[in-house]
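Scroll down for the structure; my scribbles are underneath it.
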Amino acid sequence: MLKPIVKVIEVPCDALAAYQLFSMGMGSWWPLETRSISIHSTGMPAKALETDPVAGGAIIEIASDDTRHVWGCFADCDQPNSLAINFHMGQPLDHATYLTVSFLQMNAHRTLVKLVHGGWDSYGAIAAMMRDGYDTGWNEIFCFHYARSCEKPRFLRRA
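To convert, count from 1 in the sequence shown and add 2; that's this note's numbering.
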């Protein structure tokens with residue numbers, strides 16, 4: 003059994019803003035020009051990323067040719083504390099992994115965000131390769147792009 007990937011960052015916004023930016027605003031910070039099904043299959047970046055952050059809600063890439071690719075679905079949403087996603091970007095549903103993201107408010111303007119990505123055994127013989135790829139990918143996607151977007155959260159909706 004492979005260990006989950008764990009990434010922890012501190013962001014300069016409150017937990018609610020960090021949660022909403024990760025869940026509802028994913029399309030504003032995810033680097034679709036380098037990390038999308040569309041870029042890998044057609045060479046063109048995806049047009050958009052849509053999320054429906056409620057239990058059972060989907061994460062859907064709108065490809066350059068308007069094809070809709072389901073990346074996964076939200077398994078649990080506990081705003082502003084945590085969310086869980088069954089994640090299978092570009093893979094069949096039976097290869098879904100499990101992603102949890104927790105938000106711990108440190109003070110009025112700082113939040114610790116922890117991403118845990120596990121369930122690699124669903125990939126069988128290529129599990130280690132997939133885990134290694136995502137470990138590198140989360141450094142770019144989560145530790146850089148998401149963290150940077152938290153510096154000036156433009157996507158805020160108060161509960």
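Even for Gly, the Cβ is constructed at its ideal location relative to N, Cα and C.
{"Item": "Measure the CB-CB distance between Gln81 and Ser25 and report whether it falls below 9 angstroms.", "Value": "yes"}
{"Item": "Could you tell me whether the region 66 to 73 touches the region 38 to 46, where touching means 3 or more Cβ pairs closer than 8 angstroms?", "Value": "yes"}
{"Item": "Tell me, please, whether the region 48 to 66 touches the region 12 to 30 by the rule of three or more beta-carbon pairs shorter than 8 angstroms.", "Value": "yes"}
{"Item": "Give the secondary structure of Glu142 by DSSP, where H, G and I count as helix, E and B as strand, and everything else as coil.", "Value": "helix"}
{"Item": "For Ile18, I'd like the list of residues in its chain whose CB is within less than 6 angstroms of its CB, leaving aside the five on either flank, ordered along the chain.", "Value": "The sequence as given places Leu at residue 18; Ile does not occur at that position. Result list for Leu18: Pro82, in chain order."}
{"Item": "Could you check what DSSP says for Arg150 in three-state terms: helix, strand or coil?", "Value": "helix"}
{"Item": "Confirm, please, whether the CB-CB distance from Asp16 to Thr113 is below 9 angstroms.", "Value": "yes"}
{"Item": "Taking the CB atoms as reference points, tell me whether Ala57 and Asp78 lie closer together than 9 angstroms.", "Value": "yes"}
{"Item": "Thinking just about the alpha-carbon of each residue, which of Ile87, Leu4 and Phe146 is nearest to the one in Pro55?", "Value": "Ile87"}
{"Item": "Drop a sphere of 10 angstroms on the beta-carbon of Gly121, count the other beta-carbons inside from all chains shown, and report buried for 16 or more, exposed for fewer.", "Value": "buried"}
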